[in-house]
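Peer 1:
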Amino acid sequence: MNKFLKISLFLLVAASISSCKLMNPSQMLRTEKDFKYSEFPTNQAVDEYKIAPNDELTLRLFTNEGEKIIDPVNAATNNVANGLTANLYTVEFDGMVKLPIINRTKLSGLTLREAEKLLETKYEAFYKKPFVQLKVTNNRVIIFPGGLGGTSTVLTLTNTNTTLFEALAKAGGIVDGKASKIKLIRGNLQDPKVYLIDLSTLKGMKQADLVLQANDIIYVEPRGKVLQKVLEGVTPVLTIISSVILVYGLVK
326 MNKFLKISLF
336 LLVAASISSC
346 KLMNPSQMLR
356 TEKDFKYSEF
366 PTNQAVDEYK
376 IAPNDELTLR
386 LFTNEGEKII
396 DPVNAATNNV
406 ANGLTANLYT
416 VEFDGMVKLP
426 IINRTKLSGL
436 TLREAEKLLE
446 TKYEAFYKKP
456 FVQLKVTNNR
466 VIIFPGGLGG
476 TSTVLTLTNT
486 NTTLFEALAK
496 AGGIVDGKAS
506 KIKLIRGNLQ
516 DPKVYLIDLS
526 TLKGMKQADL
536 VLQANDIIYV
546 EPRGKVLQKV
556 LEGVTPVLTI
566 ISSVILVYGL
576 VK
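In the numbering used here, the protein residues as written are 326 to 577.
#1: Just verifying my parser: in three-state terms, what is the DSSP assignment at A504?
#2: Nearest-angstrom Cα distance between K442 and V457?
#3: Compare the C-alpha of Y362 against each of T487, I510, N412 and name the closest.
#4: Keeping to the same chain, check which residues put their C-beta closer than 8 Å to that of E546; ignore five residues upstream and five downstream.
#5: With DSSP as the reference, label R465 as helix, strand or coil.
#6: In this structure, does DSSP put T322 in helix, strand or coil?
#7: Report the start-end ranges of each alpha helix (DSSP H) in the segment 477–539 that is 4 residues or longer and not cut off at the edges.
#8: Taking the C-alpha atoms as reference points, what is the distance between Q532 and I426?
#9: Can you give me the Cβ contacts of I542 inside the same chain, cut-off strictly under 6 Å, excluding the 5 residues immediately before and after it?
#10: Compute the Euclidean distance between the alpha carbons of M530 and R548, then round it to the nearest angstrom.
#11: Identify, in the order they occur along the chain, each residue of the same chain with its Cβ nearer than 7 Å to the Cβ of L480, setting aside the five sequence neighbours on each side.
#12: Starting from the Cα of F418, find the closest Cα among L424, T476, K431 and give me that residue.
#13: Using only CA atoms, which one of F490, Y452, N540 lies nearest to D523?
#14: Grouping DSSP H, G and I as helix and E and B as strand, with all else coil, what is L443?
Okay, here's the thing in C-alpha cells:
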C-alpha cells in the first residue's frame, strides 16, 4: 500500500507540474525577461498620424474662392459601377500616390497637414491659390483584448488622432486580461517598435494617450487562471487514484 501511495503522489505532482506549464498556452507575443521596450515619444506632435503605404486617401481640391476643380475628366461618373470615386487614391508600396495633373507624388511618412501643404504647393503651378483637403479612409488597427478566443477585432480608425485608450474602449475594454501588461506593436514586423503600457494605475493614462498609427497591434496579455488550470490537470489523476483505491479496498 505504501508503494501505491508513493506512485499516486508522484502522479499527482507530475500532473500539477504539467498543468503549470500549460497555464496559459494561448498567450501570444511573449518577450524575453530582459527585453528592452521602446521609449514613449515626449512630444505628442511627433506621434501625429503619418500616411503609410496601402492607405486610401480622399483628395478634394478647391481654388481659394471655393470652386471645386478636382475630377477634371469626370472620372467619378465612369467609376461608379466599380464602387470607386475619382477622388480616392491609394498610397503605393513605395509611398508614392498617383494624382491628377501632378502625377506620382511621395506622401508616405508625412502627416496629413504636411501632405496638404505639399500638394497645395504643387497645384499652385496650375491653379490660383489651391486649397487641399486630405483624409485617410481605411486606416485600421488589430486589437487582442485579452479575453477568450474570438474576442480579437480589427478596428477601423475613423479619426486619424484616435488614441490607444479610445481604441480599447471601442473594442469593448479589457475583457479578461492584465491591464498592467498591454503591448503596442508598431512598424515593420521584422523589426517593430514595442511599447509596454500599464493601465492599472492613473499614471498609465498618459501612455494610453498615444496616437495610433495604421496597422498598429494592441495586445493585452491574458490573465492566467492558476487554480482552474491546476484543477483541470489534477482532477483526472485524482479520479483514477480514487477508482484504484476503491477497487483495491473491495478486492482486499
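Every residue gets a Cβ at the ideal spot worked out from N, C-alpha and C, and that includes glycine.
Peer 2: Taking the definition as stated:
#1: Within the sequence shown, residue 504 is the residue found at index 179, counting from 1. Look at A504 here: in three-state DSSP terms it is strand.
#2: Taking the first residue of the sequence shown as 1, we reach residue 442 at position 117. Taking the first residue of the sequence shown as 1, we reach residue 457 at position 132. Approximately 8 Å, taken between the alpha carbons.
#3: In the sequence shown, the residue the question calls residue 362 occupies position 37. With distances taken between CA atoms, Y362 lies nearest to I510 out of T487, I510, N412.
#4: Reading the sequence shown from its first residue, position 221 is the one you call residue 546. Excluding residues within five positions, the ones whose Cβ falls inside 8 Å are Q352, G471, G502, K503, K506, I507, K508.
#5: In the sequence shown, counting from the first residue as 1, residue 465 sits at position 140. Of the three classes helix, strand and coil, the one that applies to R465 here is strand, per DSSP.
#6: Because residue 322 is not part of the residues shown, which for the chain are 326 to 577, the question remains open.
#7: Runs of alpha helix (DSSP H) with 4 or more residues, each lying fully within the segment 477–539, are found at 489–495, 530–533, listed in chain order.
#8: Mapped onto the sequence shown, residue 532 falls at position 207. Mapped onto the sequence shown, residue 426 falls at position 101. The alpha-carbon atoms of Q532 and I426 are separated by roughly 43 Å.
#9: As a working mapping, residue 542 is identified with position 217 in the sequence shown. The answer, listed in chain order, is I467, I510.
#10: Here residue 530 corresponds to residue number 205 of the sequence shown, with the count starting at 1. Here residue 548 corresponds to residue number 223 of the sequence shown, with the count starting at 1. If I take the Cα positions, the gap works out to 21 Å.
#11: Position 155 of the sequence shown, counted from the first residue, corresponds to residue 480. Non-local C-beta neighbours of L480 in its own chain, meaning closer than 7 Å and more than five positions away in sequence, comprise R465, V466, I468, A492, K495, A496, ordered along the chain.
#12: Here residue 418 refers to the residue found at position 93 of the sequence shown. The alpha carbon of F418 has as its nearest neighbour, out of L424, T476, K431, the alpha carbon of K431.
#13: In the sequence shown, the residue the question calls residue 523 occupies position 198. Nearest Cα to D523 within the set F490, Y452, N540: F490.
#14: On the sequence shown, residue 443 is found 118 positions in, with the first residue counted as 1. Helix, per DSSP.
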